[in-house]
Amino acid sequence: MACRSTAIEVLWLCLLPVILSAPTVQAHPIPQTRTIDPGDCLVIVTSTTPFGSISGTGFAVGDGTLIVTAHHIVAEASEEGRHTMLGAVRVLSPYLGDCRYAEAVVLDIPLDLAVIKVPWVGQPALEIPNDDELMQAEQLETIGNVSLISAIPKESSQLFPESSAVDHQILDVDFVAVRRQVPQFISLYGRGQLGPGWSGAPMLIPRTLKAAGCFVQLNKSLSDGRLTSQGPALAQVRRLAEQIAQSQSLEPSGAKAARADDGFEVSLLFLQTAKLLARDAYGWAGDTVTRLLALRPHLAMVQMLAAWVQEKQGNADAAEAHYQAAMKLDSNGPMLRLMYGQSFLDRDPNKALEILRGLWQHRQMRPWLVLIMWDVLRARDTDENCAQMLEEALEVEPDNAYLWFNLGAVQWESGRRDDGFASMAKAVELFPERGPLRGHLARLLEEEGHLDEAEDHFRRLLAIEPRNPVVYFWLARFLSRHRPDAADEALRTARKALTLPCDDPALEDQIRQLIREIRSERASKATPTSTGQRDARSNATAR
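Read left to right, the sequence shown gives residues 6 to 548 (the numbering used here).
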């Protein structure tokens, strides 16, 4: 499972394959054939979208240039809908002491499988067994750098390990699912220690360098509650590689690259600097990146990391020098140029657009590009051109909720209200648990008088973000404006908003003002009744 702030165990939803209990043929003792340490084949994979990041394990196969991992590590995906967005994927090799942006070559969402490519011919790599070897295996051994992965998120209080110790877990094979005579995925009995931090780890045939599968999740049986550990079979990698003419990369490279004596130290400094940046600890990040520059001044990613640190510290000239150094070291790297262009969005928007538009021919990057430059683009381009760019990006990622929502906003602002609402509603359907999308749609629906739909979205949003005072404020304001019979609920909801943590004094003032308005409205409705009762009592006394 990937390294997130919380671990989520999900059920495996798949097509109905043929299930073969393993082993299905006579098993023979497996000789020890490891000529290298399989831990040397492990890498750290981190992906970042404009809205978050995730990290996990990957492993090299073939000639070392292909990295296998879980799809949910390289792409943001909805847990309740179909939204997916490929991130900017970085691969870090503790063996080489190197870090590169990777190109996605195989993405299989149903199998939760991804294969990405880096220029590391000779990186120690695993082999893919043939189908008979897989079906003979009674056990599989899963390996990973779990303590390293678990320390990466900025929320994690776990310390980075001092050494590159590899975790091992051997489990019995439960079954192998086969479709059209090709293994689809593997299920292992139980979980052992598998769980958070293990996503993307190889499932090896014991005592060999043959990776039969890639661990992606735990599965709990609906019938008896039994846990199994599952992942796609790497036979799928071979099949998919053939379809995109990458079979040659699955062959061993021959010569193995030399191990970097400081590879693990370099990897730790990369991860520590990134974590300190995420925590806004820019001074400490400056210390770690200085050490990293001393060890790897020739790596473009190190120069880029140094540029980010200098940028955060307010040193524009120093940041620009590091950006330029990164560009010289990797002049053809499109993701580096994207990051460089992004750095100009606030200080020189026109230059930012020039750089980012120049990357539009890189089709896989279009969703990233249009979302990154969206605010600047909307201020400088026509609705028609903006909509066209979004539609071209949607050809790449048709289930990207952010693209659909922005398309809806363009349609709505250009007067095509029905089309706009339809596109935004599709975005919410694709990513139902993403609160900001639902909240913005609810407010637009309220503005246009679609009150029942708006109320439904406000209430669903409350279930999604039960600790967000803004959400309670929105619902309370909606009820006070449009549901006269719900004044009591509106007041309770507004009061609840004040009890929740809030670092926005202006919002707190708005909530208090709303409470005063609701009370005043209730009092004004109650006053005529009270006056009438007093008049009646006075008349009775006079008589």
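Cβ atoms here follow ideal geometry from the backbone N, Cα and C, with glycine treated the same way. Being a predicted model, the structure only gives us computed values, none of them experimental.
| Asked | Found |
| --- | --- |
| Between the CA atoms of GLY61 and ILE148 - distance to the nearest angstrom | 12 Å |
| Buried or exposed by the 16-neighbour rule on C-beta atoms within 10 Å, applied to GLN308 | buried |
| Segment limits, beta strand (DSSP E) that includes VAL73 | 71-75 |
| One or two residues paired with CYS104 in a DSSP bridge | LEU97 |
| Span of the beta strand (DSSP E) around PRO188 | 187-194 |
| First through last residue of the alpha helix (DSSP H) which encompasses ILE121 | That residue, ILE121, is in no alpha helix (DSSP H); its beta strand (DSSP E) goes 118-122. |
| First through last residue of the beta strand (DSSP E) which encompasses HIS88 | Taken as a continuous stretch (DSSP letters only), HIS88 belongs to no beta strand (DSSP E), as it is neither H nor E. |
| Cβ shell of ILE210 (< 7 Å), same chain only, five flanking positions each side left out | ILE35, PRO134, GLU138, ALA142, LEU145 and ALA217 |
| Proximity below 8 Å, CB of GLN174 to CB of GLY197 | yes |
| Rounded C-alpha distance that separates ALA3 from ALA130 | Nothing in the structure corresponds to residue 3, since the chain is present only between 6 and 548. |
| Best match in GLY205, SER152 and GLN163 for proximity to SER52 [C-alpha to C-alpha] | GLY205 |
| Residue of PHE64, GLY57 and ILE114 minimising C-alpha distance to GLY92 | GLY57 |
| Nearest-angstrom Cα separation, counted from ARG517 out to ALA528 | 16 Å |
| For GLU270, the three-state DSSP class (helix, strand or coil) | helix |
| Distance between PRO506 and ALA3 (C-alpha atoms, nearest Å) | Summary: the structure shown does not reach residue 3, with the chain confined to residues 6 through 548, and so no result is reported for it. |
| Buried versus exposed, by CB contacts within 10 Å (16 or more), ARG303 | Sequence inspection shows His at residue 303; the Arg mentioned does not correspond to that position. With fewer than 16 other Cβ atoms within 10 Å, it is exposed. |
| Contact under 8 Å by Cβ, TRP373 with LEU343 | yes |
| Status (buried if at least 16 other CB within 10 Å, exposed otherwise) for ARG243 | buried |
| Alpha carbon of GLY44 to alpha carbon of THR504, nearest angstrom | 50 Å |
| Proximity winner among GLU160, LEU450 and GLU85, relative to ASP423 (alpha-carbon distances) | LEU450 |
| Spatially closest choice to ALA262 from CYS104, TYR287 and GLY127, by CA coordinates | GLY127 |
| Enclosing beta strand (DSSP E) for ARG371 [first to last residue] | That residue, ARG371, is in no beta strand (DSSP E); its alpha helix (DSSP H) goes 371-377. |
| Close beta carbons around HIS88, own chain, < 7 Å, minus the five adjacent residues each side | ALA82, ASP404, ASN405, ALA406, LEU435 and PHE436 |
| Burial state of ALA531 (16 or more Cβ within 10 Å) | exposed |
| Backbone secondary structure at THR40 - three-state DSSP | coil |
| Start-to-end residues for the alpha helix (DSSP H) that takes in PHE426 | 422-435 |
| Minimum C-alpha distance to TYR194 - residue among GLY440, VAL187, ARG185 and LEU176 | LEU176 |
| 6 Å Cβ shell around VAL171 - same chain, five flanking residues per side excluded | GLY44 and ILE148 |
| Element boundaries [alpha helix (DSSP H), containing HIS173] | It is not in any alpha helix (DSSP H) - HIS173 instead sits in the beta strand (DSSP E) that spans 172-184. |
| Residue range of the unbroken alpha helix (DSSP H) whose run includes ALA80 | Note, ALA80: premise wrong, no alpha helix (DSSP H); beta strand (DSSP E) at 80-82. |
| Whole alpha helix (DSSP H) elements within the region 462-517, 4-residue minimum | 474-487 and 492-504 |
| Three-way DSSP call (helix, strand, coil) for GLU138 in this model | helix |
| Reduced DSSP category for ILE520 - H, G, I as helix; E, B as strand; rest coil | helix |
| Residues that GLN144 bridges to, as DSSP identifies them | ASP177 |
| Three CB pairs or more closer than 8 Å across the region 113-123 and the region 273-290 | no |
| Environment of ALA250 [buried if 16+ CB atoms lie within 10 Å] | exposed |
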